[in-house]
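One structure is given below, encoded as structure tokens.
2 protein chains.
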Amino acid sequence: MRIGELAALVGVSTRTVRYYHHLGILPEPERLPNGYREYRLRDAVRLARVRHLAGLGLSLEELRDALADDRGVDFREALQELDADLARQQEAIAARRARLAALLAQPGLSPESMMSPDAAAVLRDLGGGGSAFGAFDHELLTLATMLSDEEGQAGLAELMRPMTEPGALATGHELYRRLDELADARAGDERIGPLAADMAAHIPDELAGMVPSGPGADLSWMETMLGELSPAQAEVLRLLFAELTETDAKEKT
Amino acid sequence: MRIGELAALVGVSTRTVRYYHHLGILPEPERLPNGYREYRLRDAVRLARVRHLAGLGLSLEELRDALADDRGVDFREALQELDADLARQQEAIAARRARLAALLAQPGLSPESMMSPDAAAVLRDLGGGGSAFGAFDHELLTLATMLSDEEGQAGLAELMRPMTEPGALATGHELYRRLDELADARAGDERIGPLAADMAAHIPDELAGMVPSGPGADLSWMETMLGELSPAQAEVLRLLFAELTETDAKEKT
DNA sequence: GCTTGACCTTGACGCGACGTCAAACTGTTC
DNA sequence: GAACAGTTTGACGTCGCGTCAAGGTCAAGC
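Here the protein sequences line up with chains F and Z, keeping their order. First residue of the first sequence: 318, per the numbering used here; consecutive thereafter. First residue of the second sequence: 318, per the numbering used here; consecutive thereafter.
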């Protein structure tokens with residue numbers, strides 16, 4: 318039997334057969350005088366076994382070990398390990414499908430809304446109000462949301478929802494406008510203090526409590542992002558953060 | 318923000334970030350005078366989105382298209398297609414696990430028993446009886462079994478089971494012995510005819526009915542395998558096959 | 001004899017999503 | 001000024017083959 322016949326018999330390509338020789342999974346048979354490989358019954362059986370194991374999901378390396386070790390116990394262990402691995406894959410896929418289903422359930426689906434649906438809704442309602450700072454803030458919130466786990470996203474969404482009510486929204490946009498005015502201001506501008514205070518008042522207390530979120534919380538990236546703003550705008554946010562964490566500390570005592 | 322900070326923030330490696338630049342998934346940011354990449358908030362948001370989509374199982378190419386096309390409909394379609402694909406994967410894994418469970422349920426598990434459990438049991442009981450031809454026959458049956466689908470395996474196992482009963486087994490081993498005696502015989506040996514007849518009598522009628530199994534059935538590999546036997550042994554099997562298919566043809570009329 | 005076509009041989013590149021190493025930088029700290 | 005952590009580009013490795021290249025072998029048809 319030549320390689321093409323063997324391959325057709327078992328249902329693989331000749332390339333696959335030669336690859337198995339290369340890996341030592343299938344022993345090289347004798348050669349005919351013309352150099353062709355000459356296969357026998359036992360090679361076909363071996364190849365069929367290999368394909369069966371591969372079809373179950375074993376890697377070719379695992380499979381080679383299993384067929385080499387030959388006897389019982391390790392083989393059963395290998396299959397059990399494979400089963401456990403497949404179970405993990407099933408769970409992973411199920412989790413992905415669950416997230417997908419949640420995404421597909423929301424009406425205004427877009428690449429921007431790749432997060433927990435309520436968080437996406439809140440962020441969409443929040444908008445940026447046509448303000449440059451509003452756009453920046455929106456991106457900040459988006460990033461903070463996407464870097465949180467699912468519970469964090471749910472919590473954020475819940476706490477931010479009050480800010481999407483018409484009155485709060487108008488107040489927020491007014492604050493954005495005042496921040497836009499600081500686009501070219503220096504660090505010492507006298508409008509900084511009052512603006513930070515008004516912003517702190519506008520943010521719900523519970524939301525403030527989420528900001529530091531633990532001792533290992535890494536806020537250095539926030540500081541980095543402030544570099545994209547004008548000095549005055551950055552100062553407002555720094556002041557705001559200080560006030561929020563103070564409030565939070567008081568509440569915790 | 319430099320590449321390491323960005324990567325740590327979003328939870329990927331710097332290699333990944335550069336790879337995304339290479340694929341055009343993440344735009345190359347401006348460079349600092351020293352040649353370092355300088356990232357901004359919007360890059361972090363984009364990267365987080367990319368990771369989220371990748372985490373759902375989209376390929377980087379699909380994901381790039383989704384983020385480029387930007388708007389709604391195709392995006393929803395892409396996600397639905399992904400969901401269908403994941404569903405198919407789930408089914409495939411479930412099928413593999415089912416086969417695995419069937420294998421793990423059998424007591425004498427070994428690499429040789431990689432087939433339907435009852436077929437494996439029958440083949441094990443059948444054995445080769447220490448005969449050279451018996452070993453060959455065992456391999457032939459093994460291959461025929463492994464090349465069949467699950468129903469074929471079940472059918473074969475059921476029909477072969479009678480041959481594993483003590484009396485039939487002894488008869489079978491006696492036949493193997495007589496075939497071994499033909500290992501060096503020529504094609505015209507006078508023992509060929511009677512032996513083929515005795516073998517045909519030993520094989521259940523229903524099993525004979527499975528041999529050709531359809532008009533497109535490819536039996537040329539059988540003929541090929543006969544090349545491994547002595548001319549006389551091959552003749553016996555050819556005669557046997559002829560008798561079996563005759564019997565079968567009679568039954569069908 | 002010659003060509004055609006089907007098969008075989010070895011060898012090399014390609015995929016997808018990066019990991020890893022190499023060699024040469026910049027920039028900060030002792 | 002030496003060590004170190006970070007950055008740059010570039011290239012190779014992964015896994016299970018598919019695919020192409022550049023030939024050699026063999027049977028059939030002209």
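No residue lacks a Cβ here, since even glycine has one placed at the ideal position from N, Cα and C.
First through last residue of the alpha helix (DSSP H) which encompasses F:L457: 449-463
Where F:R393 sits in the DSSP three-state scheme: helix
Three-way DSSP call (helix, strand, coil) for F:E347 in this model: strand
Straight-line Cα distance separating F:A324 from F:T331: 6 Å
Heavy atom of the ligand NAP within 6 Å of F:M539 beta-carbon: No copy of the ligand NAP occurs in the structure displayed, which carries no ligand at all.
Beta-carbon proximity check, F:L460 vs Z:R413, cutoff 7 Å: no
Within-7 Å CB hit, Z:V277 to chain F: As displayed, chain Z neither begins before 318 nor continues past 570, which places residue 277 of chain Z out of reach and without an answer.
Chain Z contacts made by the region 366-394 of chain F, where a contact means CB separation under 8 Å: R366, H369, L370, G372, L373, G374, A383, L384, D387, R388, G389, F392, R393
Exposed unless 16 or more other CB atoms sit within 10 angstroms - verdict on Z:M402: Reading the sequence as shown, one finds Asp at residue 402 of chain Z and not Met. Label assigned to Z:D402: exposed.
Close beta carbons around F:T564, own chain, < 7 Å, minus the five adjacent residues each side: D522, A525
The region 357-375 of chain Z in contact with the region 458-473 of chain F per 3-pair CB rule at 8 Å: yes
Sequence-distant residues of its chain with Cβ nearer than 7 Å to Z:A551 (five each side left out): L543
Contact with chain F by Z:T462, beta-carbon distance below 7 Å: no
Residues bridged to F:R354 [DSSP beta-bridge criterion]: F:R348
Cβ of F:R354 within 7 Å of any chain Z Cβ: no
Coarse secondary structure for Z:S330, derived from DSSP in three states: coil
Pairwise C-alpha distance: F:P434 and Z:L457: 59 Å
Burial state of F:Q470, where buried means 16 or more other Cβ atoms lie within 10 Å: buried
Minimum C-alpha distance to Z:L343 - residue among Z:N351, Z:A438, Z:L358: Z:L358
Proximity below 7 Å, CB of Z:A500 to CB of Z:S547: yes
Under the three-state DSSP convention, the category F:S547 falls into: coil
Cut-off 8 Å between Cβ atoms - residues of its own chain near F:G328, not counting five sequence neighbours on either side: R368
Rounded separation between Z:P483 and F:A371 - CA only: 36 Å
Partners in chain Z for F:V362, counting only beta-carbon separations shorter than 8 Å: E456, T459, L460, M463
Extent of the continuous alpha helix (DSSP H) to which F:A504 belongs: Note, F:A504: premise wrong, no alpha helix (DSSP H); not H, not E.
Min CB distance F:T331 to chain Z below 7 Å: no
Backbone secondary structure at F:L375 - three-state DSSP: coil
Cut-off 8 Å between Cβ atoms - residues of its own chain near F:L561, not counting five sequence neighbours on either side: A517, I520, A525, V528
Host alpha helix (DSSP H) of F:T488 (start-end): 483-497
Under 7 Å between C-beta atoms of Z:M318 and F:T488: no
Check whether F:L377 and F:L399 have beta carbons under 7 Å apart: no
Buried versus exposed call for F:P428 [16 or more other C-beta atoms within 10 Å across all chains shown]: buried
Closer than 7 Å to chain F by CB, Z:R503: no
Z:E475 to Z:L421 span [Cα, whole Å]: 21 Å
Cutoff 7 Å: F:P350 Cβ touching any chain Z Cβ: no
Cut-off 6 Å between Cβ atoms - residues of its own chain near Z:A437, not counting five sequence neighbours on either side: S430
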